[in-house]
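**Student:**
Residue numbers (the numbering used here), protein chains in the order written: chain A, 25 to 259; chain B, 25 to 259.
1) Just to confirm my understanding: we take residue 213 of chain A, look at its own chain, exclude 5 residues before and 5 after, and list those with CB closer than 8 Å. What are they?
2) Output, in chain order, the set of chain B residues within a Cβ distance shorter than 8 Å of residue 246 of chain A.
3) Keeping to the same chain, check which residues put their C-beta closer than 6 Å to that of residue 112 of chain A; ignore five residues upstream and five downstream.
4) Is it buried or exposed, residue 79 of chain B, if we count other Cβ atoms within 10 angstroms and call 16 or more buried?
5) For residue 197 of chain B and residue 194 of chain A, what's the separation of their Cα atoms in angstroms?
6) Since I believe residue 45 of chain B is in contact with residue 243 of chain A (beta carbons under 8 Å), could you give me their beta-carbon distance rounded to a whole number of angstroms?
7) One question on the structure: do residue 41 of chain A and residue 146 of chain A come within less than 8 Å of each other, judged by their Cβ atoms?
8) Expressed to the nearest angstrom, what Euclidean distance is found between the alpha-carbon atoms of residue 216 of chain A and residue 73 of chain B?
9) So which of A/156, A/47, A/218 has the shortest CA-CA distance to residue 181 of chain A?
10) Measure the Cβ-Cβ separation of residue 95 of chain A and residue 248 of chain A and say whether it is below 8 Å.
11) From residue 144 of chain A to residue 25 of chain B, what distance separates their C-alpha atoms?
12) Across which residues does DSSP place residue 146 of chain A in a beta bridge pair?
13) If residue 142 of chain A sits next to residue 126 of chain A, beta carbons under 8 Å apart, how far is it from one beta carbon to the other, in whole angstroms?
14) Which residue comes first and which comes last in the beta strand (DSSP E) that contains residue 188 of chain B?
15) Residue 46 of chain B touches chain A at which residues, Cβ-Cβ below 8 Å?
16) What separation, rounded to the nearest whole angstrom, lies between the Cα atoms of residue 231 of chain B and residue 185 of chain B?
17) List the residues of chain B whose Cβ lies closer than 9 Å to the Cβ of residue 96 of chain A, in chain order.
18) Cβ of residue 35 of chain B less than 8 Å from any chain A Cβ?
19) Suppose you measure from the CA of residue 174 of chain A to the CA of residue 128 of chain A; what does that come to, to the nearest Å?
20) Counting only Cβ pairs nearer than 9 Å, list the residues of chain B close to residue 234 of chain A.
21) Can you look up residue 31 of chain B in the DSSP assignment and give me helix, strand or coil?
22) Relative to chain B, which residues along the region 181-210 of chain A have a C-beta separation below 8 Å, given in chain order?
23) Quick one, which residues of the region 213-234 of chain B are near chain A if we go by CB-CB under 8 Å, in chain order?
24) To the nearest angstrom, how far is the alpha carbon of residue 171 of chain B from that of residue 178 of chain B?
25) Within the continuous beta strand (DSSP E) that includes residue 52 of chain B, where are the two ends?
26) Using a threshold of 8 Å, state whether the C-beta atoms of residue 58 of chain B and residue 131 of chain B are closer than that.
27) Alpha carbons only, please: which of B/108, B/135, B/118, B/239 is nearest the one belonging to residue 204 of chain B?
28) With respect to the alpha helix (DSSP H) encompassing residue 44 of chain A, which residues constitute its N-terminal and C-terminal limits?
29) On the three-state DSSP scale, how would you describe residue 152 of chain A?
30) With DSSP run on the structure shown, which of helix, strand or coil describes residue 58 of chain A?
31) Can you tell which of B/122, B/114, B/105, B/135 has its C-alpha closest to the C-alpha of residue 91 of chain B?
32) Go ahead and pull the three-state DSSP assignment for residue 206 of chain A.
33) Could you give the distance in angstroms between the alpha-carbon of residue 48 of chain A and the alpha-carbon of residue 250 of chain A?
34) Under 8 Å, do residue 208 of chain A and residue 62 of chain A count as touching if we go by C-beta distance?
35) On a CA-only basis, which of B/190, B/84, B/223, B/225 is nearest residue 151 of chain B? Give me that one, please.
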């Protein structure tokens, strides 16, 4: 299998969601079926960057992950873009044979059999502010494909009140999935610094909404990597 | 049972460790058998503040938690000071009967039978920079008392290289306990603002140590409440 890879980097820590703080090597797949208005990884999404996506075999991908991690098993996060466009079953099999764990983050628009091989599947359906519309039948197919994965979670990015109301409805429809809410980051220019106060103020806004409403099921988390590194890539 | 309570506040989110981001009401017990040099909750530790610790019955404590949470079950975190000085079994029984979940955070110096009734027990043995010395026999007694609690985790605050080396040894002695590392916060004056850049730089320092050493078992997390609220109390 030849994969289109935007970047492989780490070890660093997972900056968001269910595995926040966990030492991780990231495999960022190139290509996406979405064009979210506020995408923070356009270099792995827009075809204009396609020349920078390296075609790599399963073994070549795995060799890089092994080298970066010094052969010490850790969590490997497959992200993108939408990694579900491609077939990561070979990479997962190579890694699991050496004791590594795998997480994948996808919007839930494309189901893949290899979801069932993951330790953690993060489904992050995109709220109205993204400009995308969720295909809920496809989302359900992802849940079905992931049967056997012991940790399936929802992560929703919240930019505004409409996103928040939408997330409440999604939570109502999927009460069995642990839910992580994350304030949206409007400052995604990799060449511009991030204002820490703006970032923490947005977290405060979301915390106050959730606790003020007595909505106690989601966890509210920031993007740690943005707090620590701003929009720098490869960390 | 009459309890000495420094404060009851929330709902807010849990700022650190295994339940980071989780909507929580905090019960902060008054009194502590430790005097950590960098304690960030001295108002619940030092006897000089004892006049501000309210004697409350189990029912009075529980009434406050129920009021704050609007009667909607959530996670209640019992912290301090060292809450293990006192008997929280009555409060836990009242809350569990109404569907609430309980976490407790303690240094692990005093074992209590009610540890077994918790959903989460956070044991945070104090590193050398605290000026305290851990009694590991007492710590083991805490683990024994907590048998039946499904989520027992370790949290260690790291101020310097000596703390870090100490944490590695603790991890080696307790490989089965999930470990959370947290950079120490040297800015604990409630009347002084926190420098966000200093706080995130300390997180970066700890992330780089852990990933640079290929130590992939602990999660590295900041104190979100410090990022959002500084040293303000009651949030």
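By construction, the Cβ of each residue, glycine as well, lies at the ideal position given by its N, Cα and C atoms. Remember, predicted model here, so these are calculated numbers, not experimental data.
**Tutor:** With the given structure in hand:
1) These residues qualify, in order along the chain: 255.
2) From the beta-carbon of residue 246 of chain A, the residues of chain B found nearer than 8 Å are 248, 251.
3) Closer than 6 Å at Cβ, skipping near neighbours: 102, 138.
4) exposed
5) 43 Å
6) Right, their Cβ atoms sit about 4 Å apart.
7) Between residue 41 of chain A and residue 146 of chain A, the CB-CB gap stays under 8 Å.
8) 46 Å
9) Here the closest residue by C-alpha is A/156.
10) no
11) Their backbone Cα atoms lie some 44 Å apart in a straight line.
12) A/129, A/177
13) Distance from residue 142 of chain A to residue 126 of chain A at the Cβ level is roughly 5 Å; contact confirmed, criterion being Cβ atoms closer than 8 Å.
14) No beta strand (DSSP E) contains residue 188 of chain B, which is instead part of the alpha helix (DSSP H) from 185-197.
15) 243
16) 13 Å
17) 238, 239, 240
18) yes
19) Across the structure, residue 174 of chain A and residue 128 of chain A are spaced so that their CA atoms are roughly 13 Å apart.
20) 35, 37, 47
21) strand
22) Using a CB distance below 8 Å, the part of the region 181-210 of chain A facing chain B consists of 204, ordered along the chain.
23) 220, 221, 224, 227, 228, 231, 234
24) Straight-line spacing of the CA atoms in residue 171 of chain B and residue 178 of chain B works out to 15 Å.
25) Its beta strand (DSSP E) spans residues 47-53.
26) yes
27) B/239
28) Taken as a continuous stretch (DSSP letters only), residue 44 of chain A belongs to no alpha helix (DSSP H), as it is neither H nor E.
29) helix
30) For residue 58 of chain A, the secondary structure class from DSSP, reduced to helix, strand or coil, is coil.
31) B/122
32) strand
33) 16 Å
34) yes
35) B/190
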